[in-house]
Every structure is written in structure tokens, then in C-alpha cells.
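Trainee:
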Amino acid sequence: MWHETMKEFDAALTDPVRPVPAMIEDSAARFNVYRNNIAVSLPDALAETFPVTRRLVGDEFFYGVAQTYVLKNRPSSPVLSEYGNTFPAFLSTLSTLEDYPYLSGVARLERLWLDAYHAADANPIGIDALARVPEDDLDDLTFVLHPSLRLIQSDMAAISIWLAHQDTDSPDLSGIVHRCEQALILRPALEVRVVPVDAAAFEFTACLAAGTSLGAACDARADDPDFDPSRHLADLFNAGAVIALGDVYNHGGGNVT
Amino acid sequence: MTEVKCHVPGTTAIDATGVGAGFKAGHFAEIIDTRPRVGFFEVHAENYMGAGGPPHAQLERLRADYPLSVHGVGLSIGGAQPLDRSHLDRLKAVVDRYQPALVSEHLAWSTHQGGYLNDLLALPYTQETLACVSDHIDEVQTCLGRTILLENPSTYVLFRDSTWDEVDFIAEVQHRTGCGLLLDVNNVFVSAVNHGWNAGDYIARFPLSAVREIHLAGHAEATDDAGVPFLIDAHDRGIGEKVMALYAQVLMRTGPVPSLIEWDNDVPDWPVLLAEIEKISGALRAHTTCLGSRHVA
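Chains B and V are the protein sequences, given in the same order. Per the numbering used here, the very first residue in the first sequence carries number 1; after that it's consecutive. Per the numbering used here, the very first residue in the second sequence carries number 1; after that it's consecutive.
1) In whole angstroms, what separates the C-alpha of Pro-82(V) from that of Gly-52(V)?
2) How big is the Cα-Cα spacing for Arg-11(B) and Ser-110(V)?
3) Excluding sequence positions up to five away, which residues of its chain have a Cβ less than 6 angstroms from the Cβ of Asp-224(B)?
4) Please look up how many angstroms separate the CB atoms of Val-38(V) and Gly-20(V), rounded, as I've assumed it's under 8 angstroms.
5) Using a Cβ-Cβ distance under 7 angstroms, would Ala-80(V) count as near chain B?
6) By the three-class DSSP mapping on this structure, what secondary structure does Leu-149(B) have?
7) For Leu-184(B), I'd like the list of residues in its chain whose CB is within less than 7 angstroms of its CB, leaving aside the five on either flank, ordered along the chain.
8) At the level of alpha carbons, what is the spacing between Phe-28(V) and Gln-58(V)?
9) Counting C-beta neighbours from all protein chains within 10 Å, is the total for Val-177(B) 16 or more, i.e. buried, or is it exposed?
10) In or out: Arg-275(V) buried (at least 16 other Cβ within 10 Å) or exposed?
11) What did DSSP end up calling His-219(V) once you bin it into helix, strand or coil?
12) Among His-56(V), Val-188(V), Ser-76(V), which residue has its Cα nearest to the Cα of Ala-93(V)?
13) Write down the C-beta distance between Pro-207(V) and Ala-171(V) rounded to the nearest angstrom, noting that I regard them as a contact closer than 8 angstroms.
14) Would Cys-180(B) be called buried (16 or more neighbouring beta carbons within 10 Å of its own) or exposed?
15) For His-112(V), which of Val-243(V), Ile-77(V), Ser-104(V) has the nearest alpha-carbon?
16) Assuming contact is defined by CB atoms lying nearer than 7 angstroms, are Ala-210(V) and Leu-181(V) in contact in what I supplied?
17) Would you list, in sequence order, the uninterrupted alpha helix (DSSP H) runs of no fewer than 4 residues that lie entirely inside the segment 109 to 152 of chain V?
18) Would the segment 79 to 90 of chain B count as touching the segment 39 to 50 of chain B if we require 3 or more Cβ pairs under 8 angstroms?
19) Is the shortest distance between the beta-carbon of His-146(B) and the beta-carbons of chain V less than 7 angstroms?
20) Check the Cβ-Cβ distances between Thr-163(V) and every residue of chain B, and say whether any is below 7 angstroms.
21) Please classify Ala-131(V): is it buried, with 16 or more other beta-carbons within 10 angstroms of its beta-carbon, or exposed?
22) Quick one: any contact between the segment 96 to 108 of chain V and the segment 64 to 78 of chain V, if contact means 3 or more CB pairs under 8 angstroms?
23) Any Cβ of chain V within less than 7 angstroms of the Cβ of Ala-29(B)?
24) Considering only DSSP beta bridges, list what His-3(B) is partnered with.
25) 7 angstroms is my cut-off, CB to CB: does Leu-42(B) come that close to chain V?
26) Report all residues from its chain with a CB closer than 6 angstroms to the CB of Pro-100(V); omit the five preceding and five following residues, and keep chain order.
27) Alpha carbon to alpha carbon, how far is Leu-273(V) from Gly-227(V)? Give it in angstroms, no decimals.
28) Looking at the ligand FAD, does it come within less than 6 angstroms of Ser-209(V), judged from the CB to the closest heavy atom?
29) With Arg-179(B) as the anchor, note down where its beta strand (DSSP E) starts and where it stops.
30) With which residues is Phe-41(V) paired in a DSSP beta bridge?
31) Using DSSP bridges, identify the partner residues of Arg-35(V).
32) Taking only runs that begin and end inside the segment 196 to 223 of chain B, name each unbroken beta strand (DSSP E) of 3 or more residues, in chain order.
33) When you compare each of Val-17(B), Pro-19(B), Asp-26(B), Pro-134(B) to His-195(V) by their alpha carbons, which one comes out closest?
34) Quick one: grab the DSSP three-state call for Asp-247(B).
35) Output needed for Leu-246(V): all residues of its chain with C-beta closer than 8 angstroms, excluding positions within five of it in sequence on either side, in chain order.
36) Check Asp-161(V) in the structure and name its three-state DSSP category.
This is the structure:
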């Protein structure tokens, strides 16, 4: 019985023309308080997760799109910081956003930024840990990367556009070239960093993140003139992306056994 | 009536005269720098269900200086469907990690068929929902290994099939489960206006001996589509005079009870919220001299 009423209640919440559940004593005018709460609170949650996306298209447009999205994509849990994983892909399907080809990429970056923000904590190790690895073992060496590390690649300069919005609400975007960009997103301590990297470093990091050994990751990029494993590895350690050496060297910078 | 036990070893107890506020990340630095006299802070459990990061770092730090209360908003205790076990496990992780002095949830539902509706929705008060709510509270208390407080709702609609009065329903749930109660005075006021109830009568009949925490908040005045004025539980301003007057009526009957200000929207700067805390502290202290205080510990 209660389940039936809940079902009716739920259906009427997101359908303003549907009659209020028969069991409700009050008029639709009162039931509309609940309708309004849903219609406002979930788009508000998206607006919090995607602040630059929202600035780029303006409040009116953003909320219009968000309201469409929330009707079809309810949060799967009450943890709203996890809501909106499919919102970037949803944006890329909208023909009304043709003038904003980078928008979906910016939204993807913002979603990954929030994932990194809430990811597990871990302490990065320094590159000096490598000094304890015998040279003969380097090829087989794997790395444990930071649990917050996310990788993003965008073909429409989404990373430059996002970065330009970090200091000001209305940056001049005229100088931004719409080209392919990559970045590492990670939180080595309490602040999330977005670190732009070139394609070679991006691919190398993706290999290591997948558990590929250093030797195999280098072999995979051998033909790329931009590929410089020493530099990429140093950048990765400097960014705070490595928390332990893998396999037998898995002591987080401690003694190698 | 079942005895209500709220003491949990290892927690910092909240003094009965403690006045707290809902914690906002934007106030963190000022709170840590100035160490204001605040009885406790309350957090929404769902904001601390991530694996790590700044939310946990802040809460660990805050907990070192202040007693904590964990307030869940997503368990859907009033729903017909079984509780979401993975969400209950997440709540348990938060409670185990922070060992708060108080844990509370709502007499409401918020999830249906796997979708979270991000609102605290009203339920009818029937034999069926009485069993649902009581079973769910039993399940939560068993899982957490402690009693929780159940909060009375603010509602905008009533159900034709309700056979229980709201106060009697809450009293019966309390009796069956041994849970404590969180009396939201603003919710009483909002619901009373919306349904034409007498708020003073609601308070007089409420099982006040089980109340372990009081919530106070501001509400918005609105007019529905039919032109009838009603109130919205907005949490977007300070506490109004009428709610303060009702709060005084509660304290007359209960003596001091830890009281919390919920200011979740249009959140003010910290000094404004602190001034509101001090205002409530004054009202609460005025009732400590003439009545014995009740400690949560």
C-alpha cells in the first residue's frame, strides 16, 4: 500500500501535469513544494560540481540543460559528490551546444577534479627512491601511482579553457587555440593539481598507471621524438604522482629487499 | 518506555547547555584560528562519504577541538523499500571513524527504486509505515551498534490514509525501537502552520523525555498557487521570533538540551552565525538556573 503511494508520489514529482497522488489530502499547490525542491536541488548539485561549465554557457542555459539531465539521470546514491558522471557525455549529445565544442571536455575535467578531491589520501615518494633500484631491475620496475590520479585528453583545448577560469570568472579566451591537450589531475596532499603534459608524457603515464613495467612503457613510445623517459619520470615524481615502487620495491621509498 | 542510552565510549560528550551549528567548510579557517565557544558542530554524514581529501582533513581537525554530531540525510528510513545496505555501510564508516556524540536521521523518505530524490519527503502514518520505520531504525541501530535520534519532519502535505497522529506515531516508534529523538522546533512550527495544527499542543504531547537534541532554523514564508500562505523549511536565515518562543516553551518542559542552528542556504559569514549561536546560548542558559540540566553522555 505505502509502496504504491510512493510510486505515485515519485511519478508526480517530476511530472508537473500529472495529478498528485490520490492519497494526498492537499492541493497540487502544496505538492508543488516537493516538485520545486527536486527541480532546483539536483541542478544546484550539478552547478556545484561543474562551475566553469556553468560560467561558460551562463546560468539560464546551464540550468535548462541540467533540468533535462536530472529528469533522466537521478543520482544513484545520496552521496551527491558522486553525481553527474554521465553529464559530460550528455552535454556532447546536445545540438544546441555546437558553439561550445570544448564544453563536454571542460565538464569531464571538472568531474575528474572532484573525483581527485575526494579520492583516498596517500603520501607521494621522491625520485630518490629510484637510486635504490639496481640498474638491471629498472626494466621490470612498476610504479604505484597516487589513488587520486586521473588522466584527461581533450581535442578542443578544454584544459586551457578550464585553467583560464581559475583566476578570473571571465577570461579572454580569444588566444586559445583549439588543439589537442592532455593533463594529469591529482591531489598529492590537500590541493587538487591540474598539470598539463604533452602527448608523450600522457601516454607514458597512462601505461604506468595501467601497471606496465618501465621497460615496456618505454618500448611502446620508442618511435615518438618527444618521448623522454627520464624527463617524464622526473615530472611524474615532481607532480607527486608516485606513492610507491611496485613489485619487490613496494615499500614506498623504504629499503629495497 | 525503553531506556535511551546515548553514551559511546571515546566520544566527546555534548554538554546539555551546548549550542552548536551545522558545520560549513567556508567557516573552517576562522573556527580553527579563533577557537570560538561553540558547544558542538554537526555535519551531514553524506558529505564525508568520500575516501579522503579536504573534507576528512577538516573534520579530523574540527573533532580535535569540538564534540561532533553526525546527521544523516539519505537513509530513507520512511521508505517502503529495504534500506540501502551500501549506504548504511557508508554511514557506519563515518560513525566508526569519527565516533560522534550524536547520530541522527529523519522521519522521511528520499530514495525510490534506486534513485535518490535529494529531498526529505513526507509519509503517511499507518500501521504499515510504523512497522517500516521501526524495522529500519532497528536495522540502523543494530548496524551502528548504538542508538540514533529520529527527527520530526517539516511537511507540506498530509495523507488520507494516515491513521496515526504524527506525535503519537513518533512516540510509538520511539517506544518500539528505543531510539532517541531530535526535536526540530522549526519543523514543528512549519508543519503546524501548513496543516493548521497547534504547535504548543504538538510540543506538549511530544515524548520530550526522549529528546537528546534540538534543531532550530529559519523558514521562508510563501503563498501557494491557490493563494494560501504557508511556510517552507528553508534554513536560509536566522531563527524567527515565533520559533524562539516555541523553543522557550520546549525548554520550560525539558530543561537544557543540546541545541543546533541549521543555516544551510545563503550561509552567512562566521561572525553572523556565531552571534546567532550566542543568542541561542542565552536562551538556553536562561533555563539552566531554574531546572536541572540533562547531559548527553
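Beta carbons: idealized from backbone N, C-alpha and C, even for Gly.
Mentor: Judging by the given coordinates:
1) Within the second sequence, the letter at position 82 stands for residue 82(V). Within the second sequence, the letter at position 52 stands for residue 52(V). Their backbone Cα atoms lie some 28 angstroms apart in a straight line.
2) As a position in the first sequence, residue 11(B) is number 11, starting the count at 1. As a position in the second sequence, residue 110(V) is number 110, starting the count at 1. Correcting the residue type first, residue 11(B) is Ala in the shown sequence and not Arg. Distance between the alpha carbons of Ala-11(B) and Ser-110(V): 13 angstroms.
3) Counting from one through the first sequence, the residue named residue 224(B) turns up at place 224. So the list reads Ala-200, once near-sequence residues are dropped.
4) What you label residue 38(V) is simply residue 38 of the second sequence in a count that begins at 1. What you label residue 20(V) is simply residue 20 of the second sequence in a count that begins at 1. Going by Cβ atoms, the distance from Val-38(V) to Gly-20(V) rounds to 6 angstroms, so yes, they are a contact pair.
5) In the second sequence, the residue the question calls residue 80(V) occupies position 80. So, interface residue.
6) As a working mapping, residue 149(B) is identified with position 149 in the first sequence. Note: Leu-149(B) maps to coil in three-state DSSP.
7) Numbered from 1 along the first sequence, position 184 holds the residue referred to as residue 184(B). Excluding residues within five positions, the ones whose Cβ falls inside 7 angstroms are Leu-149, Leu-151, Val-195, Val-197, Thr-205, Ala-239, Ala-241.
8) Within the second sequence, residue 28(V) is the residue found at index 28, counting from 1. Within the second sequence, residue 58(V) is the residue found at index 58, counting from 1. Computed Cα separation, rounded: 7 angstroms.
9) One-based indexing of the first sequence puts residue 177(B) at position 177. So Val-177(B) ends up on the exposed side.
10) Stepping through the second sequence from its first residue, residue 275(V) is reached at position 275. Note that residue 275(V) corresponds to Ala in the displayed sequence, not to Arg. Exposed, since its Cβ has fewer than 16 Cβ neighbours within 10 Å.
11) Along the second sequence, read from residue 1 onward, the residue named residue 219(V) stands at position 219. DSSP places His-219(V) in coil when its eight states are reduced to three.
12) On the second sequence, position 93 is the one that residue 93(V) refers to. Of His-56(V), Val-188(V), Ser-76(V), the residue nearest in Cα terms is His-56(V).
13) Against the second sequence, residue 207(V) aligns to sequence position 207. Against the second sequence, residue 171(V) aligns to sequence position 171. Right, the Cβ-Cβ distance comes to about 4 angstroms (below 8 angstroms), so this counts as a contact.
14) Here residue 180(B) refers to the residue found at position 180 of the first sequence. So Cys-180(B) counts as exposed.
15) For the purposes of this step, residue 112(V) is taken as residue 112 along the second sequence, with counting starting at 1. Taking only the C-alpha atoms, the option nearest His-112(V) is Ile-77(V).
16) For this step, residue 210(V) is matched to residue 210 along the second sequence. For this step, residue 181(V) is matched to residue 181 along the second sequence. Closer than 7 angstroms, so yes.
17) 127 to 144
18) yes
19) On the first sequence, position 146 is the one that residue 146(B) refers to. False, the Cβ-Cβ gap to chain V never drops below 7 angstroms.
20) Taking the second sequence and counting its residues from 1, the one referred to as residue 163(V) is at position 163. So no, Thr-163(V) is outside the interface.
21) As a first step, residue 131(V) is located in the second sequence; it is residue number 131 there, counting from the start. Classification for Ala-131(V): exposed.
22) yes
23) To locate residue 29(B), count along the first sequence from 1; it is residue 29. For Ala-29(B), the answer is yes, since a Cβ of chain V falls inside 7 angstroms of its Cβ.
24) Locating residue 3(B) in the first sequence gives position 3, where the first residue counts as 1. In the DSSP output, where bridge partners are listed per residue, His-3(B) has none listed.
25) Residue 42(B) sits at position 42 when you count from the first residue of the first sequence. Closer than 7 angstroms to some Cβ of chain V, the Cβ of Leu-42(B) qualifies, so yes.
26) Working through the second sequence from its first residue, we reach residue 100(V) at position 100. Excluding residues within five positions, the ones whose Cβ falls inside 6 angstroms are Leu-68, Ser-69, Val-70.
27) If you number the second sequence from 1, residue 227(V) lands on position 227. If you number the second sequence from 1, residue 273(V) lands on position 273. Distance between the alpha carbons of Gly-227(V) and Leu-273(V): 33 angstroms.
28) Ligands in the displayed structure: none, and consequently the ligand FAD is not present.
29) Along the first sequence, one-based indexing puts residue 179(B) at 179. Neither: Arg-179(B) is in no beta strand (DSSP E) and is coded neither H nor E.
30) Residue numbering aside, residue 41(V) sits at position 41 when the second sequence is read from its first letter. DSSP lists Ala-21(V), Leu-68(V) as partners of Phe-41(V).
31) Within the second sequence, the letter at position 35 stands for residue 35(V). None; Arg-35(V) has no bridge partner.
32) none
33) By 1-based counting over the second sequence, the position of residue 195(V) is 195. Of the listed residues, the one whose Cα sits closest to His-195(V) is Asp-26(B).
34) Taking the first sequence and counting its residues from 1, one reaches residue 247(B) at position 247. Asp-247(B): helix per DSSP, three-state reduction.
35) Residue numbering aside, residue 246(V) sits at position 246 when the second sequence is read from its first letter. Counting only Cβ-Cβ distances below 8 angstroms, and skipping sequence neighbours, we find Val-185, Val-188, Phe-189, Ala-199, Gly-200, Ile-203.
36) Numbered from its first residue, the second sequence carries residue 161(V) at position 161. Here Asp-161(V) sits in coil by DSSP.
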